[in-house]
Amino acid sequence: MREPTVNPGADADAAGDVGGDAVREHTPAVVFDRASIAYGRVPVLEDVDGVVRAGHTVALVGPNGGGKSTMIKAMLGLVPVVRGSIQVLGRTPVRARRDVAYVPQADTLDPEFPVSVGQVVLMGRYRRVGWVRRPGGADRRIAAEALAAVGLAHRVSDRFGTLSGGQRQRVLLARAMTQQPKLLLLDEPFNGVDAVSQEALLSALAGLRAGGATVVVSTHDLSLAHLACDDVCLLNRHQFGFGPTGATLTSERLRAAYGGAALELRGDSVIVAHS
Amino acid sequence: MLNRLFVEPFALPFMQRALVEMLLLGMLAGVVGVFVVLRRLAFLSDALTHTIFPGVVIGYLVAQEPGVVPGALVFAVLSAVLFTMFAANRRVSQDAALAILLTSFFALGVVLVSRQRSYTADLTAFLFGHVLTVDSAEITQTGAVAGAVAVALFALRKELLLRAFDPQAAQAMGYRVELLDLILNLVIALVVVAAVKAVGTLLVIALLVVPAAAARLLSDRLAVMTGVAVTLGMAGGWLGLAASYEASVHHGVRLASGATVVLALVVLYVLALGVGPFARLLWSRARGRLPPGTTEAAETAEAAGAPAAVDAGERLVARLAPDVLKLEEHGR
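Those protein sequence lines, which keep their order, are chains A and B.
Take 403 as the starting number for the first sequence in this note's numbering and just add one per residue.
Take 2 as the starting number for the second sequence in this note's numbering and just add one per residue.
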């Protein structure tokens with residue numbers, strides 16, 4: 403096994419630009435092998451099969467309730483895989499948790515909770531700080547850098563709940579960045595986010611990508627998938643396509659995945675009405 | 002006058018012991034109460050106070066007074082484990098499970114105690130406590146519990162904070178959330194057991210929830226909240242004992258000391274409800290927040306809103322004091 407690296411991009415950088423892709427091919431970030439996921443007896447997502455290549459940014463696209471969040475939780479080992487398997491960084495999802503960071507939807511958190519923005523970002527360091535000890539100067543520096551990277555350094559001592567939805571989402575991304583993950587999972591980070599925050603999120607994600615981190619992001623925004631992602635996994639209860647964005651998001655597949663909500667414009671383009 | 006009210010009563014040895022016990026409990030319950038309020042575990046804590054009741058009774062039947070704490074401890078651990086298991090089980094609705102455990106255990110306790118000849122007297126003592134008769138051994142027990150709880154909470158404060166704020170992220174980071182929950186439930190159970198002799202099973206919940214809920218009204222900072230909760234818990238104990246002594250000795254009105262302490266805590270809570278908005282205003286001024294009128298300040302006011310009702314009791318007080326809430330909006 404490799405040494406844990408401080409810089410998420412160190413592995414890819416060491417391999418150099420020319421041979422980089424070849425090296426990455428050998429160590430995929432996530433491998434889905436005909437995986438089915440179920441809560442209790444009810445299957446939520448069936449037969450997911452594909453590879454998230456290291457260093458790539460992958461969009462999970464599909465209608466609401468189609469299993470995007472479930473797939474993210476499966477990569478964290480929070481929901482059981484009932485058939486097939488999911489390998490994360492060459493390990494089981496549960497064993498890979500230390501190298502994976504998760505960005506939940508900000509509106510799932512209690513805005514009244516008495517915790518400051520700085521404290522939330524620092525939480526990403528807790529696992530590395532370990533039990534009993536306090537986060538040290540180095541941890542605080544990493545947290546401050548992450549908060550600056552999402553453009554919210556000036557709000558460090560404000561209460562988390564006083565920020566707007568988009569700003570809270572950026573704080574949660576900063577928290578994930580302090581974990582210095584090899585794999586970053588984001589659940590609908592652009593939902594209900596204003597333009598300023600969307601811009602800040604995208605630029606922070608671009609920074610992570612440049613550093614070599616693998617990013618998986620669920621979204622129902624197809625233009626974002628085209629704009630910011632190398633690959634796409636199209637989901638609605640089961641997989642409708644998994645591969646390079648342009649080749650995967652065809653009008654046939656979108657119609658199949660979205661059903662009546664997909665409207666054809668002309669030729670190949672399809673827009674998806676809000677379902 | 003102040004001397005007569007607040008110092009004189011504690012010249013008597015039994016009042017001294019009661020004071021020491023209440024100060025220890027106030028400190029202990031203040032620290033733990035902060036987590037109870039943050040995790041919204043008021044109902045769970047209340048359930049714990051009832052589920053240890055059969056333990057108290059069985060302990061008493063087996064070994065009289067010295068059996069009470071060990072008996073309560075056994076049932077406290079049993080309840081904490083059962084609650085954690087129910088919470089981890091998706092198929093069981095947690096509030097229904099709590100209600101079933103609470104009532105069945107409590108009924109078991111009542112059935113057992115009703116076989117006693119001195120039924121009513123015993124029941125009253127268990128339910129309402131008798132802080133004026135605590136001895137130094139019991140004070141030592143409370144002190145030991147306070148020490149153990151302080152060590153546990155200090156060691157796990159980061160993890161408990163993360164779990165309270167964002168349980169899913171905690172789990173995703175690889176923390177065992179059920180284990181953290183079990184530890185906090187055990188800590189709450191320990192506090193309940195430590196306080197049973199002094200204030201009885203019914204009033205422990207007030208010690209745990211009221212000072213921390215009041216502290217929540219006064220501060221957004223966890224560290225400040227903890228300090229305020231401890232101070233209020235101890236102040237409530239002192240005030241309550243002093244008031245019940247004054248009324249009994251100088252005015253011939255017998256006030257149950259445990260219940261008077263609880264009423265003193267509620268008075269402090271209502272004061273905090275009135276003072277809260279001003280304290281927050283001063284606090285944010287001191288930290289140089291943006292002046293009101295900017296969009297960010299408007300966002301702040303909207304997000305903060307009226308203080309969240311932490312439990313039914315707090316909601317009740319909020320309903321009883323709408324003017325105070327209006328005042329808060331005005332203050333912002």
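Note that CB positions come from ideal geometry on N, CA and C, so glycine has one too.
From a predicted model like this one, the values you see are computed outputs, not experimental measurements.
ask   = Which bits of chain A does E160 (chain B) rub up against, with CB to CB less than 8 Å?
value = Those within 8 Å of E160 (chain B) in chain A are Y528 and W533.
message = Check whether the segment 63-80 of chain B and the segment 185-205 of chain B touch, using three or more Cβ-Cβ pairs below 8 Å as the test.
response = yes
task = Within 10 angstroms of the Cβ of T50 (chain B), are there 16 or more other Cβ atoms? Answer buried if so, exposed if not.
result = buried
message = Given this structure, state the Cα-to-Cα distance separating K690 (chain A) from S105 (chain B), to the nearest angstrom.
response = In the structure as shown, chain A starts at 403 and stops at 677, and residue 690 (chain A) therefore has no counterpart that could be examined.
query = What three-state label does DSSP hand Q571 (chain A) in the structure shown?
reply = helix
query = According to the Cβ coordinates, are A98 (chain B) and F87 (chain B) closer than 7 Å?
reply = Contact: yes.
Close beta carbons around L350 (chain B), own chain, < 6 Å, minus the five adjacent residues each side = No answer is possible for residue 350 (chain B): it lies beyond the span of chain B, which begins at 2 and ends at 333.
Reduced DSSP category for V534 (chain A) - H, G, I as helix; E, B as strand; rest coil = Here V534 (chain A) sits in coil by DSSP.
query = Quick one: which chain B residues come within Cβ less than 7 Å of M525 (chain A)?
reply = L163
task = Pull up the distance between the alpha-carbon of L603 (chain A) and that of V619 (chain A), whole angstroms please.
result = 12 Å
request  = Tell me whether T104 (chain B) sits in a helix, a strand or coil according to DSSP, three-state version.
outcome  = Annotated three-state conformation of T104 (chain B) is helix, per DSSP.
query = If we count the other Cβ atoms within 10 Å of its Cβ and call it buried at 16 or more, is I101 (chain B) buried or exposed?
reply = Answer is exposed; the Cβ neighbour count stays below 16.
task = My understanding is that S487 (chain A) touches D435 (chain A), with C-beta atoms under 8 Å, so please give their C-beta distance in whole angstroms.
result = Right, their Cβ atoms sit about 5 Å apart.
message = If the cut-off is 8 Å on Cβ atoms, which residues from the segment 169-186 of chain B count as contacting chain A, listed in chain order?
response = Q169, A170, Q172, A173, M174, G175 and Y176
ask   = Just reading off the beta strand (DSSP E) that E448 (chain A) is part of, what are its end residues?
value = V444 to V454
query = Does DSSP put P516 (chain A) in a helix, a strand or coil?
reply = Note: P516 (chain A) maps to coil in three-state DSSP.
ask   = Under three-state DSSP, which class holds L240 (chain B)?
value = helix
task = Just the chain A side, please: which residues come within less than 8 Å of R334 (chain B) by C-beta, in chain order?
result = Given that chain B is displayed from residue 2 to residue 333, the structure contains no residue 334 (chain B) and the question cannot be resolved.
message = Buried or exposed for V496 (chain A), going by 16 or more other Cβ atoms inside 10 Å?
response = exposed
ask   = From R118 (chain B) to R529 (chain A), what distance separates their C-alpha atoms?
value = Cα to Cα, the separation comes out at about 57 Å.
inquiry  = So that I know if they touch, is there some Cβ in chain A lying closer than 7 Å to that of F36 (chain B)?
reply    = no
key: Inter-residue Cα distance where the pair is N466 (chain A) and R639 (chain A)   = 10 Å
query = Any Cβ of chain A within less than 7 Å of the Cβ of A48 (chain B)?
reply = no
inquiry  = Based on DSSP bridge pairs, tell me the residues matched to S80 (chain B).
reply    = Looking at the DSSP assignment, S80 (chain B) forms no beta bridge with any residue, so it has no partner.
request  = Would you check if the distance between the CB atom of I184 (chain B) and the CB atom of S46 (chain B) is smaller than 7 Å?
outcome  = no
inquiry  = With H, G and I counted as helix, E and B as strand and the rest as coil, what does DSSP make of H628 (chain A)?
reply    = helix
query = Of all Cβ atoms in chain A, is any one closer than 7 Å to the Cβ of A156 (chain B)?
reply = yes
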